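Undergrad: A single structure is presented below for examination.
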Amino acid sequence: MTEPRFTNWSGSVSCSPARWLRPVGVDELAETVAETAAHGGTVRPVGSGHSSMPLMSTEDVLVSLDDFSGVCGADVDSGRATVLPGTGLAELGAQLAVHGVALENLGDVDYQAIAGAVGTGTHGSGVRLGNLSSTVVGGELIDGRGEAVAFGEDAGGDTDDPLLRAAQVSLGALGVLTRLTLRVEPAYQLHRVNVMTHVDWVLENFDALIAAHRSVDFYWYPRSDLAQVRMLNIPGHEPDPDQPGAVPAGTVKTEETGPSYEIIPNARDLRFEEMEYMLPLDASLEAFRRVRERVKARHRARVGWRILVRTVAPDRAMISNAQRRPTMTIALLQNATLDHQAYFADMEPLLRAFGGRPHWGKKHSLRAPELRELYPEWEDFLEVRDRMDPERVFLNDHLGEIFGVETHGGRPRRQETG
Numbered sequence: 297m298t299e300p301r302f303t304n305w306s307g308s309v310s311c312s313p314a315r316w317l318r319p320v321g322v323d324e325l326a327e328t329v330a331e332t333a334a335h336g337g338t339v340r341p342v343g344s345g346h347s348s349m350p351l352m353s354t355e356d357v358l359v360s361l362d363d364f365s366g367v368c369g370a371d372v373d374s375g376r377a378t379v380l381p382g383t384g385l386a387e388l389g390a391q392l393a394v395h396g397v398a399l400e401n402l403g404d405v406d407y408q409a410i411a412g413a414v415g416t417g418t419h420g421s422g423v424r425l426g427n428l429s430s431t432v433v434g435g436e437l438i439d440g441r442g443e444a445v446a447f448g449e450d451a452g453g454d455t456d457d458p459l460l461r462a463a464q465v466s467l468g469a470l471g472v473l474t475r476l477t478l479r480v481e482p483a484y485q486l487h488r489v490n491v492m493t494h495v496d497w498v499l500e501n502f503d504a505l506i507a508a509h510r511s512v513d514f515y516w517y518p519r520s521d522l523a524q525v526r527m528l529n530i531p532g533h534e535p536d537p538d539q540p541g542a543v544p545a546g547t548v549k550t551e552e553t554g555p556s557y558e559i560i561p562n563a564r565d566l567r568f569e570e571m572e573y574m575l576p577l578d579a580s581l582e583a584f585r586r587v588r589e590r591v592k593a594r595h596r597a598r599v600g601w602r603i604l605v606r607t608v609a610p611d612r613a614m615i616s617n618a619q620r621r622p623t624m625t626i627a628l629l630q631n632a633t634l635d636h637q638a639y640f641a642d643m644e645p646l647l648r649a650f651g652g653r654p655h656w657g658k659k660h661s662l663r664a665p666e667l668r669e670l671y672p673e674w675e676d677f678l679e680v681r682d683r684m685d686p687e688r689v690f691l692n693d694h695l696g697e698i699f700g701v702e703t704h705g706g707r708p709r710r711q712e713t714g
């Protein structure tokens, strides 16, 4: 009999769990966790499998959240929505729109499930817009004992709740989410304009550009040295085109207006590998210049994929890569069928030299000794993690290396007898 095998979106991560379960309710999920904990085993949750790091890998119990999907309720006046963790971002926008609300922002793609997106600090772009994790104000999870634990507003707490600030970005290491309470906005339209210009114009006008628009990102094409600048604004709130640095001098490629959840994400037909680092905004332009020089000197002949640059507002999640600092992100991409390892390995030290923090769901080589230095509240997070999961039920080998603790490797330690 062939063992079930899980493979992630890009094809670079796979595992063969002993059991691949799809619980249909909180009680079944809690029972699964409690039984696995009693046998000394490991549980890892999985949503869409979009992460290119082995966050979900296990040889024991893999729990699919596919049946935890949908919007339980939303309210325009309170600005809150209750969402189940397996809900795909691609479906969530339309489901929220039925209630007249929308997420503050979305990422470059919407293939992820909401639990995985917030759990890894997935983000869009906008110097005044936080990542998806920053919109989490409450929720519930099943802890390492198989008990349901509410946090944040769901537990009568506030934004200072340590469990909330740990759960906002947790890598699934605190427990399995059963619901999320999100801060939402009244549903809104966006007008998107894509302009092609030289990257030198972008660098010379970057500060004015990001200040003028609700959201701006740009793709740099190494072989042509051109940049595609993507500007998104609520219709009627676009900047004055005569404002210095607000609108690129270049060719308009596309222009579109529609619901925010349709306008923000991009379609991706080709599968890719990605490494993304989050840099302090005040050091980011010099970092990009160094990236540009190195890619042109060493990698342009072999890497045809563009490089994506975005901004993110600071937040307070304990291990968010935008924690307490305005951030610019630089994402390197390579076709999933081509070698990415040499490219990423060469570029990573450069990004780290500028104080970069890696995106948790994308390729990186950092482990506990390096990561501990990047997060002021690292030990606080580990304290919360140990309290929620003292037997390390939710830690696989990768997470053990990330947090610097011994695990049982995602494999059952004891088998049931009798």
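Numbering (this note's numbering), first residue to last: 297 to 714.
Heads up, the beta-carbon is just placed ideally off N, CA and C, and yes, glycines get one too.
Source: prediction; values computed, not measured.
If you draw a straight line from the alpha carbon of Asn617 to that of Glu324, how long is it in whole angstroms?
TA: If I take the Cα positions, the gap works out to 33 angstroms.
Undergrad: What does a CB cutoff of less than 6 angstroms around Leu667 pick up in its chain, not counting 5 residues either side in sequence?
TA: Excluding positions up to five away in sequence, the list is empty.
Undergrad: From Arg688 to Ser661, what does the alpha carbon distance come to, in whole angstroms?
TA: One C-alpha to the other measures close to 22 angstroms.
Undergrad: Note the first and the last residue of the continuous alpha helix (DSSP H) segment covering Leu428.
TA: First-last for Leu428: undefined, no H or E at that position.
Undergrad: If contacts are defined as beta-carbon pairs under 8 angstroms, then Tyr671 and Ile615 qualify, I think. What distance do you get, rounded to the angstrom?
TA: Right, their Cβ atoms sit about 5 angstroms apart.
Undergrad: Could you tell me which residues DSSP puts in a beta bridge with Asn490?
TA: In DSSP, Asn490 forms a bridge with Arg526, Thr550.
Undergrad: Nearest CA to the CA of Ala627: which residue from Leu646, Lys549, Asp496?
TA: Answer by Cα proximity: Leu646.
Undergrad: Less than 8 angstroms separating the beta-carbons of Leu522 and Val543?
TA: Contact: no.
Undergrad: Measuring alpha carbon to alpha carbon, tell me which of Arg596, Gly343, Asp356, His636 ends up nearest Glu331.
TA: Ranking the options by Cα distance to Glu331, first place goes to Asp356.
Undergrad: Give me the Cβ distance between Thr431 and Leu478, rounded to the nearest whole Å; I'm assuming they're in contact under 8 angstroms.
TA: Confirmed, Cβ separation roughly 5 angstroms.
Undergrad: Assuming Thr328 and Thr354 form a contact by the criterion Cβ under 8 angstroms, report the distance between their Cβ atoms to the nearest whole angstrom.
TA: The pair is not a contact, with the Cβ atoms about 13 angstroms apart (cut-off 8 angstroms).
Undergrad: Start and end of the alpha helix (DSSP H) containing Thr332?
TA: It spans 322-334 - the alpha helix (DSSP H) in which Thr332 sits, taken as one unbroken run.
Undergrad: What number of angstroms, rounded off, separates the C-alpha of Asp450 from the C-alpha of Ala377?
TA: Cα-Cα distance, rounded: 12 angstroms.
Undergrad: Quick one: what does DSSP say Met297 is sitting in, helix, strand or coil?
TA: In this predicted model, Met297 has a pLDDT of only 38, less than 50, meaning its place in the structure is not dependable; the value taken from the coordinates is given anyway. It is coil, neither helix nor strand.
Undergrad: Quick one: residues in its chain with C-beta nearer than 6 angstroms to the C-beta of Lys658, no 5 flanking neighbours on either side, listed in chain order?
TA: Ser348, Glu570, Met571, Glu572.
Undergrad: Quick one: grab the DSSP three-state call for Pro654.
TA: Of the three classes helix, strand and coil, the one that applies to Pro654 here is strand, per DSSP.
Undergrad: Just grab the DSSP bridge partners of Met571 for me.
TA: Per DSSP, Leu628.
Undergrad: Span of the alpha helix (DSSP H) holding Ile615?
TA: Counting along the chain, Ile615 falls outside any alpha helix (DSSP H), and DSSP gives it neither H nor E.
Undergrad: Please report how far the alpha carbon of Gln711 lies from the alpha carbon of Gly696, in whole angstroms.
TA: Bear in mind that the predicted position of Gln711 carries a pLDDT of just 40, short of 50, making it unreliable; the figure below should be weighed with that in mind. So the two alpha carbons sit approximately 22 angstroms from each other.
Undergrad: What residue does the alpha helix (DSSP H) around Pro665 start on, and which one ends it?
TA: It spans 664-668 - the alpha helix (DSSP H) in which Pro665 sits, taken as one unbroken run.
Undergrad: Is the beta carbon of Leu575 sitting closer than 8 angstroms to the one on Phe502?
TA: Going by C-beta atoms, Leu575 is not nearer than 8 angstroms to Phe502.
Undergrad: Under 8 angstroms, with one C-beta from each stretch per pair, do the region 429-449 and the region 463-478 reach the 3-pair mark?
TA: As far as the Cβ criterion goes, the region 429-449 touches the region 463-478, which means the pair count is three or higher.
Undergrad: Three Cβ pairs or more, each shorter than 8 angstroms: is that satisfied between the region 558-565 and the region 403-412?
TA: At 8 angstroms Cβ cutoff, the stretches touch.
Undergrad: Quick one: Cα of Leu425 to Cα of His335, how far?
TA: About 44 angstroms.
Undergrad: What would DSSP say about Val480, mapped onto helix, strand or coil?
TA: In this structure, Val480 counts as coil in the three-state DSSP scheme.
Undergrad: Hey, Ser429 and Ser511: beta-carbon distance below 8 angstroms or not?
TA: No, the pair does not count as a contact, with Cβ atoms beyond the cut-off.
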